[in-house]
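In the numbering used here, the protein residues as written are 899 to 1039. Backbone N, C-alpha and C fix where the C-beta goes; we use that ideal spot for every residue, glycine too. Note that the structure is a prediction, hence the values are computed from the model and not measured.
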Amino acid sequence: MTFSVVQGILEPEYGNMIQIDTKCWFIWLTENDSFRYESNNHPSFRARKEKKYWYGYRKIDGKLYKRYIGVSNEVTQDRLEQTAEEFVEISTPDKTERKSSKKEVTQTVEKEVTDAVTHDRIAALEARLQLMEERLGKLKA
């Protein structure tokens, strides 16, 4: 049976709704081993109990990620929202990746500009050399 927590409320198979962070919620956690958590602000994830610890699982870009939630008495609305936020951070490109990408682009542009300037300088030097050779030829004549 799949249990879901939506807007802070769990509706088990027997139909009685259970509010998160209540005594009934913590009792339910000790008697069950999984549920789906649907955040108000973030994508949903599956929560599973492994031995006495709860973990959140979410598949992102084909890869399954796991995050520690806590023991049953630590599985609160705030902690579940924190876990949902952690999954969002995983799916958001890391700032260091963006920095390295920016650095790579900067290096590529610098190389292209340097190559273009070098090419222009060589062309200018060749033109000056040709002009000097012409003048030298006139002086010799």
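{"Asked": "Given Val-986 as reference, the closest of Val-969, Glu-1002, Thr-920, Tyr-963 once Cα atoms are compared", "Found": "Tyr-963"}
{"Asked": "Status (buried if at least 16 other CB within 10 Å, exposed otherwise) for Val-973", "Found": "buried"}
{"Asked": "CB contact flag (Ser-970, Thr-928, <9 Å)", "Found": "yes"}
{"Asked": "Beta-bridge pairing of Phe-933 - partner residues as DSSP gives them", "Found": "Ala-945"}
{"Asked": "Sheet register partners of Lys-957 (DSSP bridge)", "Found": "Leu-962"}
{"Asked": "Cβ distance (whole Å) where Thr-981 is taken to contact Phe-943 below 8 Å", "Found": "7 Å"}
{"Asked": "Start-to-end residues for the beta strand (DSSP E) that takes in Val-903", "Found": "902 to 904"}
{"Asked": "Separation of Lys-961 from Arg-977, as counted between CA atoms", "Found": "23 Å"}
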